[in-house]
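Numbering (this note's numbering), first residue to last: 67 to 261.
Think of the CB as a built atom: it goes at the ideal place given N, C-alpha and C, for glycine as much as any other residue.
All figures in this text were calculated on a predicted structure; none of them were measured in a lab.
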């Protein structure tokens, strides 16, 4: 059809039907209650990393092939459901915990968007413990009692630009060569706490 909104409605209807058919044999680990929000999961041991993308679009303000395509991102909201109970959920872009609910063994996470946008959510079995930082000369070691997750961190210090890494299986270390001595601050990019 010529009008993009009719094509979009047709695709949403077909996608819902396909999801229903496939779901009878292979239930989705991650799902959403809005066809314009889709979720993809990558996992590492006890943690899931959920990419939740809003692709709701409308017509833009332009002169041209009117109604042939919808390229203007629209606000949207819905719920992402993960087929596991969670103890904590973190927004890795905004660096803070986010609200969630556990129902019937599934985690339900509300999401909202101003336009076409995405969320990167880290789902863990329990809230993250505080990080421990040890500095020996120019060597920095970051430790965590959370060994089944990968925690993104930002390291500031030694007169250098921020350095980024991942505390994996409870440990991260790096030696900052040719760096001036000074205070080191490590920020957990999941919960926003610094050490």
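Pair within 8 Å by beta-carbon distance, residue i and residue j
i, j, result
"residue 210", "residue 191", "no"
"residue 220", "residue 181", "no"
"residue 258", "residue 106", "no"
"residue 241", "residue 205", "yes"
"residue 188", "residue 230", "no"
"residue 147", "residue 183", "no"
"residue 149", "residue 193", "no"
"residue 94", "residue 122", "no"
"residue 256", "residue 228", "no"
8 Å CB neighbourhood of residue i in its chain, flanking five on each side removed
i, result
"residue 108", "114, 115 and 117"
"residue 226", "242 and 245"
Bridge-paired residues (DSSP) for residue i
i, result
"residue 108", "115"
"residue 213", "In DSSP, residue 213 forms no bridge with anything."
"residue 175", "146"
"residue 161", "For residue 161, which the question treats as bridged, DSSP gives no partner whatsoever."
"residue 220", "230 and 253"
"residue 183", "120"
"residue 188", "115 and 156"
"residue 260", "253"
Close Cβ partners of residue i (< 6 Å) along its chain, the five nearest in sequence each way excluded
i, result
"residue 69", "133"
"residue 159", "186"
"residue 145", "99, 174 and 176"
"residue 111", "214"
"residue 86", "none"
"residue 178", "143"
"residue 305", "Not covered by the structure: residue 305. The range shown for the chain is 67 to 261."
Straight-line gap, residue i to residue j (C-alpha atoms, nearest Å)
i, j, result
"residue 136", "residue 102", "13 Å"
"residue 151", "residue 212", "17 Å"
"residue 260", "residue 124", "41 Å"
"residue 239", "residue 89", "43 Å"
"residue 232", "residue 216", "6 Å"
"residue 249", "residue 223", "6 Å"
"residue 138", "residue 75", "16 Å"
"residue 20", "residue 127", "This structure gives no information on residue 20, because the portion of the chain shown stretches from 67 to 261."
"residue 91", "residue 169", "22 Å"
Neighbour-count burial assignment, residue i, 16 or more Cβ in a 10 Å radius
i, result
"residue 84", "exposed"
"residue 244", "exposed"
"residue 81", "exposed"
Cut-off 7 Å between Cβ atoms - residues of its own chain near residue i, not counting five sequence neighbours on either side
i, result
"residue 78", "101"
"residue 251", "222, 223 and 260"
"residue 165", "176"
"residue 235", "213"
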